[in-house]
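Below: the structure, in structure tokens.
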Amino acid sequence: MDSYALLIAATLNAGTILALAALGLLINEKAGVVNLGAEGIMLCAALAGFVTVVHTGSDWLGFAAGMAAGALMAAVLGVLVIWLNTNQYAAGLALSLFGGGFSAFAGIKYVQEKLPERPHFSIPVLGDIPVLGPALFRQHPLVYVAIALAVFLVWFLWRSRLGLVLRSVGESPESAHALGYRVRWIRFAAVVAGGSLCGLAGAYLIVVYTPLWVEGMVAGRGWIALALTTFATWRPARVLLGAYLFGGVTMLQFHLQGVGVEVATQFLAMLPYIATIAVLALISRNPAWIRANMPASLGRPFYPGS
Amino acid sequence: MIRLEVRPETSRFWSIGSPVLALLLTVLIGVVLFTALGKDPVRALQVFFWEPVKSGYAIGELAVKATPLLLIALGLAVCFRSNVWNIGAEGQFIVGAIVAGGVALLAGKDTGRWIVVAILLAGVVGGMAWASVTAALRDRFNANEILVSLMLVYVAEQLLYYLVVGPWKDPGGYNFPQTRSFEAVTQIPRLFTGSRVSIGLLLALAGAAALWVFLFRTRAGFAQQVGGLAPAAARYAGFSSRRALWLALLVSGGAAGLAGALEVAGPIGQLTPYVPAGYGFAAIIVAFVGRLHPVGMVLSAILMSVFYIGGELAQSRLGLPKSLTGVFQGLLLFTLLACDTLIAYRVRFGRAA
Chain A
1 MDSYALLIAA
11 TLNAGTILAL
21 AALGLLINEK
31 AGVVNLGAEG
41 IMLCAALAGF
51 VTVVHTGSDW
61 LGFAAGMAAG
71 ALMAAVLGVL
81 VIWLNTNQYA
91 AGLALSLFGG
101 GFSAFAGIKY
111 VQEKLPERPH
121 FSIPVLGDIP
131 VLGPALFRQH
141 PLVYVAIALA
151 VFLVWFLWRS
161 RLGLVLRSVG
171 ESPESAHALG
181 YRVRWIRFAA
191 VVAGGSLCGL
201 AGAYLIVVYT
211 PLWVEGMVAG
221 RGWIALALTT
231 FATWRPARVL
241 LGAYLFGGVT
251 MLQFHLQGVG
261 VEVATQFLAM
271 LPYIATIAVL
281 ALISRNPAWI
291 RANMPASLGR
301 PFYPGS
Chain B
307 MIRLEVRPET
317 SRFWSIGSPV
327 LALLLTVLIG
337 VVLFTALGKD
347 PVRALQVFFW
357 EPVKSGYAIG
367 ELAVKATPLL
377 LIALGLAVCF
387 RSNVWNIGAE
397 GQFIVGAIVA
407 GGVALLAGKD
417 TGRWIVVAIL
427 LAGVVGGMAW
437 ASVTAALRDR
447 FNANEILVSL
457 MLVYVAEQLL
467 YYLVVGPWKD
477 PGGYNFPQTR
487 SFEAVTQIPR
497 LFTGSRVSIG
507 LLLALAGAAA
517 LWVFLFRTRA
527 GFAQQVGGLA
537 PAAARYAGFS
547 SRRALWLALL
557 VSGGAAGLAG
567 ALEVAGPIGQ
577 LTPYVPAGYG
587 FAAIIVAFVG
597 RLHPVGMVLS
607 AILMSVFYIG
617 GELAQSRLGL
627 PKSLTGVFQG
637 LLLFTLLACD
647 TLIAYRVRFG
657 RAA
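Residue numbers (the working numbering), protein chains in the order written: chain A, 1 to 306; chain B, 307 to 659.
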């Protein structure tokens, strides 16, 4: 029983990385911009977070550094795709390739360096409930922040005025422009906000999840987060659910190893990626379903006055 | 205030000038980077850009690295021109290498030279098979090919790792994760003595020529590209988008697989976890910097190869990390995309009239 509580706790922990990044990407995409640079952003943000924590000892400064790095990289992408009308796929890819190279380059001094043991968080009283306590209430505060963020986004996107403007920019930038909204600046703000959340996800990954810098340590989570927005058909609550599902798949491999299932570890390590492919295929099968929720101008540049 | 103004016609000057300007900007940023690292920038640039081309041997090494990059980029150009975003060439390269390596392991002391042909074909088949997973899922389920092909890279890496620590592990390899070294007969024939350049280079150049003929001189090549530029027009003309998807992925998968076969049966000579060297990702940059044009890609493959060798030299001579290569590659693609704006737009200073 207790091992299941720990499995749930670990699932939430692993899922939070994906949830933070995917919610960020959702904001981007709702404004009509695809960010294929997520993987590179997360890598650089993880490094920025790691270096900051090593030198200052403060986790929170580490998270801030990750967010700043993410925002900065996303801003570069934003200028390219929003003002210079660069192909969004190509520019995002460039960001991922650059981020991979740059983080490997800049992080070489920190390879295999470890962060000291972190204190465990626990919510008073709730954390002491048997089974439920260890499963749900002894998590890092950011786990709850991710949940709150999803709730906030549901309210923001569908209940607030600014959210309506953001969605209209993603659906029909022409109309939003005609109504007098500054489409490019709104898109830029969404890209930077999304990038900073990807950055937070990267920093969370290294500060809380695996406190050890290894080249390429994000290991495709940025891409999985991108896939998550499609699985979730651009709904924040479903993003959260999908993230935990994938966190669970990641944890399952360790659990199966732990209970001595006779499968080569490499096949277990493939699980999250194969699961991504399978779910992506299942969800995409119904074009009506995807198209009903996808921001109509996703991936399309907008030129005012053309 | 800086504004962009749409040009009445795209600029021919800047379509050639933009890659040159992008390279200059990349070098400039490189100078800043080297200075920031406390290295003499002149010396660093010399190591990075001059040493890789200064001797016959160096140029041979350049060709060794440029071969897989060019082969993979040629296939990717077919994809990108038909608006199929195959980002998983790295995975197709790995599986090509695995299947080719499997055939190479079958060779014994008295196997004939025909085995080389079998190895190369095996690589092509392996790469095609891996790419066809992406094609099938896109075709049948409309699954996004960017994400599927990318996820398959991670799966391919694990598959390779499984084989070299598991069933194909060299029993006499002191527990290293690797297969035994392939028999000498499996070695891809070399062009010159004293250089590692193999017939792979000829295959890649022939591929570039074939791509040129296909894209610009055949109806099939035309049909392939119309779907990418104007899907509605392609439908109206009766060009099948499914056919274009499959063709693009099979060609690029086959090319990447061939590159994988040439690597394992050439310079590497066995399967190890270090077979994936990022060529599949670097080839994306080669394809874009080469403007998806066969001649352009030959040049950009050579350039990217300079980056690879320059990175290795920077490591041994200047004590800089080898990953500097990745930084320069990423920077080049970035600056190129930014400079490409000049092809379709004119920069104007001052307020709008």
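Heads up, the beta-carbon is just placed ideally off N, CA and C, and yes, glycines get one too.
Just so we're clear, the structure is a prediction, and the values are computed from it rather than from any experiment.
Close-in-space but distant-in-sequence residues of the same chain around residue i (CB under 6 Å, 5 per side omitted)
i, result
"residue 530/B", "388, 550"
"residue 104/A", "215"
"residue 126/A", "137"
"residue 507/B", "369, 373"
"residue 566/B", "399, 402, 403, 429"
"residue 301/A", "85"
"residue 299/A", "34, 88"
"residue 66/A", "45, 48, 49, 199, 200, 202, 203"
"residue 321/B", "649"
Outcome for residue i when other beta-carbon atoms lying within 10 angstroms are tallied against a minimum of 16
i, result
"residue 363/B", "exposed"
"residue 287/A", "exposed"
"residue 132/A", "exposed"
"residue 655/B", "exposed"
"residue 477/B", "exposed"
"residue 174/A", "exposed"
"residue 606/B", "buried"
"residue 71/A", "buried"
"residue 423/B", "exposed"
"residue 112/A", "exposed"
"residue 392/B", "buried"
"residue 612/B", "buried"
"residue 29/A", "buried"
Own chain partners of residue i with C-beta closer than 8 Å, once the 5 adjacent residues on each side are dropped
i, result
"residue 221/A", "17, 18, 21, 39, 42, 201, 205"
"residue 517/B", "380, 383, 384, 600"
Rounded straight-line distance, which links the Cα of residue j to that of residue i
i, j, result
"residue 483/B", "residue 579/B", "7 Å"
"residue 462/B", "residue 401/B", "6 Å"
"residue 234/A", "residue 397/B", "28 Å"
"residue 593/B", "residue 196/A", "30 Å"
"residue 249/A", "residue 269/A", "10 Å"
"residue 526/B", "residue 535/B", "15 Å"
"residue 598/B", "residue 2/A", "57 Å"
"residue 336/B", "residue 342/B", "10 Å"
"residue 467/B", "residue 633/B", "27 Å"
"residue 541/B", "residue 555/B", "20 Å"
"residue 247/A", "residue 154/A", "22 Å"
"residue 291/A", "residue 303/A", "23 Å"
"residue 630/B", "residue 339/B", "10 Å"
"residue 58/A", "residue 218/A", "22 Å"
"residue 334/B", "residue 12/A", "45 Å"
"residue 522/B", "residue 492/B", "36 Å"
"residue 306/A", "residue 180/A", "Any answer about residue 306/A is weak, because its pLDDT of 48 lies below 50 and its placement is not dependable; what the coordinates show is given next. Those two C-alpha atoms are separated by around 16 Å."
"residue 450/B", "residue 285/A", "11 Å"
"residue 110/A", "residue 344/B", "19 Å"
"residue 209/A", "residue 62/A", "14 Å"
"residue 515/B", "residue 241/A", "50 Å"
"residue 603/B", "residue 157/A", "44 Å"
Beta-ladder partner(s) of residue i, from DSSP
i, result
"residue 652/B", "311/B"
"residue 504/B", "496/B"
"residue 212/A", "114/A"
Test: residue i CB closer than 9 Å to a CB of chain E
i, result
"residue 285/A", "No chain E is present in this structure, whose protein chains are A and B."
Own chain residues within Cβ distance below 7 Å of residue i, not counting five before or after
i, result
"residue 651/B", "310, 311, 312, 313"
"residue 47/A", "103, 106, 107, 213"
"residue 638/B", "328, 329, 332, 591, 595"
"residue 469/B", "404, 577"
"residue 617/B", "628, 630, 631"
> Of all the residues that make up the region 78-89 of chain A, which are near chain B by a beta-carbon distance shorter than 8 Å?
Replying inline: 80, 83, 84, 85, 86, 87, 89
>> Tell me which residues of the region 223-243 of chain A have at least one Cβ-Cβ distance to chain B shorter than 7 Å, keeping chain order.
In response: 223, 226, 227, 230
>> Taking beta-carbon pairs under 9 Å, can you tell me which members of the region 391-425 of chain B lie near chain A?
In response: 391, 393
> What residues in the region 613-631 of chain B bring their beta carbon closer than 9 Å to a beta carbon of chain A?
Replying inline: 626, 627, 628, 629, 630, 631
> In the region 327-343 of chain B, which residues sit with their C-beta less than 7 Å from some C-beta in chain A, listed in chain order?
Replying inline: none
> Of the residues that make up the region 268-280 of chain A, which ones have a beta carbon closer than 7 Å to any beta carbon in chain B?
Replying inline: 269, 270, 273, 274, 276, 277, 280
> In chain order, what residues of the region 587-611 of chain B put their CB closer than 9 Å to some CB of chain A?
Replying inline: 587, 588, 590, 591, 594
>> To be precise: take each residue of the region 374-388 of chain B, compare its Cβ to all Cβ atoms of chain A, and keep it if any distance is under 7 Å. Which residues remain?
In response: none
> Taking Cβ-Cβ distances below 7 Å as the criterion, which residues of the region 435-448 of chain B are in contact with chain A?
Replying inline: 443, 447, 448
> In chain order, what residues of the region 134-159 of chain A put their CB closer than 9 Å to some CB of chain B?
Replying inline: none
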